Amino acid sequence: MIGAIATKPTLDPERVAKNELAQMKFGGFIYWTDSAADKGVAFATAGETWEAVGGKRLILSARQWSVNAGGKIKPAGVVYFMQATSRTKSRKIGEVYQQSRAGFVGDIFDAPIEIAGKRLKSTQVLAEMEVNLLLGIVTTVVPAVWWIDKGLSATEWIVFNRKKFPTWIAAIKLILKARRILKTHCPTLWDKIVDAALLGAWKGTKAFVAMFGEDIAGNIPEAAIADEGKLAKATGGLVGKLGTEAVRGRLSALKVIWIVLKAIATHAALSTPGAIKITYKEKKDAALKLVESLKRAGVALSERDAAKVIDEVITGGPIVLGALEKLERGFNALDLDGDQAEAEK
């Protein structure tokens, strides 16, 4: 279920390091004898939320058995869970913990008797994509996930936002699909605006360096776009960063950029031999608008680089116009406080 574990799972929950979470694979289950359950056996499956000692837990990964140093399988599995609510000071909401199978089952039985047995499970069951997105968030945000600042528990945030998850993932897919065209035809636009203003939020996070390499946006392989698990984790990491007011404000300020660049690209695409070309003044005005908009977004862009961006867009023609349209839809879909436009896959 997960890569190398630093310590063996114990009866008491222990926090899982963020670099380990980057490699975690969702799935699995555990079971135990329970006379109150159907056929006398109860199951706890990844994606389910269970009430236990200390609060509710969202199971991320679980396995019934473990393998000892000699390669033998033993009936002492492990459960990885995210703390969804908490009634103790020892565990934080949004943190991920590992615990031995026996310890997890014991904590379920030790929960208040009036909510014991199968009734402990919530009706909130998450799919693999949704759990991977959450893993991306919790591996990126330090020290705690930003939904707590909104006065929500992790479970409440999931319920409130889960319909947006596919939109956010499709948005990142759109942006990464535009990457190849932009890095080829508009490298200054990609490096100075897209990477610096948005995808740069990934840089320096240990989990994403471990998964994709140091230059995050540049090193996410094409195959990862088709890998729903990795794409969901990548999206979650970015959504985690976008949870701050500063970055959401940056996205708002960037909206004017796509209007300016699309106008230039459209003009260039419609130009024919002998037709009126884009004037020096139009190019100069467009470059200044880029500089001013990015300044409001907290991203520094020199007039020289802005002029290079304009020239690249003009030279790129219709192929760049299509990439810009993908970027615009992707950026707009990532506006966490606005209406979520349905991003095209």
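Per this note's numbering, the very first residue in the sequence shown carries number 969; after that it's consecutive. We treat Cβ as the ideally placed atom computed from N, Cα and C, and that holds for glycine. Here the structure is a predicted model, which means the values were calculated and not measured.
State the Cα-Cα distance for the pair residue i and residue j, rounded to the nearest angstrom.
i: valine 1009; j: arginine 1069; result: 15 Å
i: glutamate 1296; j: valine 1093; result: 33 Å
i: phenylalanine 1299; j: valine 1228; result: 15 Å
i: methionine 1097; j: aspartate 1253; result: 44 Å
i: lysine 1294; j: threonine 1017; result: 36 Å
i: valine 1035; j: leucine 989; result: 20 Å
i: aspartate 1195; j: threonine 1156; result: 28 Å
i: glutamate 1124; j: phenylalanine 1133; result: 14 Å
i: isoleucine 1246; j: proline 1189; result: 36 Å
i: leucine 1222; j: leucine 1120; result: 28 Å
i: serine 1003; j: isoleucine 1076; result: 14 Å
i: leucine 1102; j: lysine 1131; result: 13 Å
i: tyrosine 1248; j: leucine 1269; result: 19 Å
i: threonine 1001; j: aspartate 1163; result: 52 Å
i: histidine 1153; j: leucine 1258; result: 18 Å
i: isoleucine 1116; j: valine 1127; result: 14 Å
i: glycine 1204; j: glycine 1211; result: 11 Å
i: serine 1261; j: alanine 1202; result: 27 Å
i: glycine 1197; j: asparagine 1100; result: 6 Å
i: lysine 1057; j: glycine 1045; result: 26 Å
i: phenylalanine 1049; j: lysine 993; result: 12 Å
i: leucine 1206; j: isoleucine 1161; result: 16 Å
i: isoleucine 1041; j: glutamine 1032; result: 10 Å
i: glycine 1329; j: lysine 1151; result: The requested residue 1329 does not occur in the structure, where the chain is confined to residues 969 to 1313.
i: glutamate 1063; j: threonine 1283; result: 48 Å
i: arginine 1055; j: leucine 1026; result: 15 Å
i: isoleucine 1193; j: lysine 1263; result: 31 Å
i: valine 1073; j: lysine 976; result: 17 Å
i: leucine 1113; j: alanine 1200; result: The sequence given here places valine at residue 1113; leucine does not occur at that position. Between valine 1113 and alanine 1200, the C-alpha separation is close to 17 Å.
i: glycine 1005; j: leucine 1028; result: Sequence inspection shows alanine at residue 1005; the glycine mentioned does not correspond to that position. Approximately 22 Å, taken between the alpha carbons.
i: glutamate 1250; j: lysine 1118; result: 43 Å
i: asparagine 1129; j: alanine 1079; result: 28 Å
i: isoleucine 1278; j: lysine 1145; result: 21 Å
What do you get for residue i, buried or exposed, if any count of 16 or more other CB atoms within 10 angstroms of its CB means buried?
i: alanine 1191; result: exposed
i: serine 1220; result: exposed
i: lysine 1024; result: buried
i: threonine 978; result: exposed
i: lysine 1007; result: exposed
i: lysine 1141; result: buried
i: leucine 1166; result: buried
i: alanine 1265; result: buried
i: isoleucine 1143; result: buried
i: alanine 1095; result: exposed
On the DSSP bridge assignment, give the partners of residue i in chain order.
i: phenylalanine 997; result: Thr1013
i: lysine 1024; result: Glu1019
i: phenylalanine 1133; result: DSSP lists no partner for phenylalanine 1133.
i: isoleucine 1041; result: Val1035
i: arginine 983; result: Tyr1065
i: valine 1047; result: Ala1030, Gln1067
i: valine 1162; result: Looking at the DSSP assignment, valine 1162 forms no beta bridge with any residue, so it has no partner.
i: valine 1093; result: Glu1016
Pull up the CB-CB distance for residue i and residue j, whole angstroms please, since I reckon it's below 8 Å.
i: alanine 1020; j: phenylalanine 997; result: Contact doesn't hold; Cβ gap of about 16 Å is too wide.
i: alanine 1233; j: valine 1281; result: 5 Å
i: tryptophan 1136; j: arginine 1147; result: Contact doesn't hold; Cβ gap of about 17 Å is too wide.
Could you name the residues of the same chain whose beta carbon sits closer than 7 Å to that of residue i, not counting the 5 residues immediately before and after it, in chain order?
i: leucine 1292; result: Trp1226, Leu1229, Lys1230, Ala1233
i: arginine 951; result: No answer is possible for residue 951: the residues shown for the chain start at 969 and end at 1313.
i: isoleucine 1149; result: Ile1287, Val1288, Ala1291
i: proline 1043; result: Trp1033
i: valine 984; result: Tyr1048, Val1064, Tyr1065, Gln1066
Considering only residues of the same chain and omitting the five flanking positions on each side of residue i, which have a CB-CB separation below 6 Å?
i: alanine 1139; result: Gly1298, Ala1301, Leu1302, Ala1311
i: glycine 1208; result: Ile1105, Thr1108, Val1109
i: alanine 1030; result: Gly996, Phe997, Ile998, Ala1014, Val1047
i: proline 1286; result: Ala1237
i: isoleucine 973; result: Note that isoleucine 973 scores 47 on pLDDT, short of 50, meaning its location in the model is unreliable and no value can be drawn from it.
i: histidine 1235; result: Ile1246
In chain order, what residues of the same chain lie with their CB nearer than 8 Å to the CB of residue i, ignoring the 5 residues before and after it?
i: leucine 1256; result: Glu1271, Ala1274
i: asparagine 1039; result: The identity of residue 1039 in the sequence shown is glycine, whereas the question assumes asparagine. Within the same chain, glycine 1039 has no close Cβ partners at all.
i: valine 1224; result: Lys1257, Ser1261
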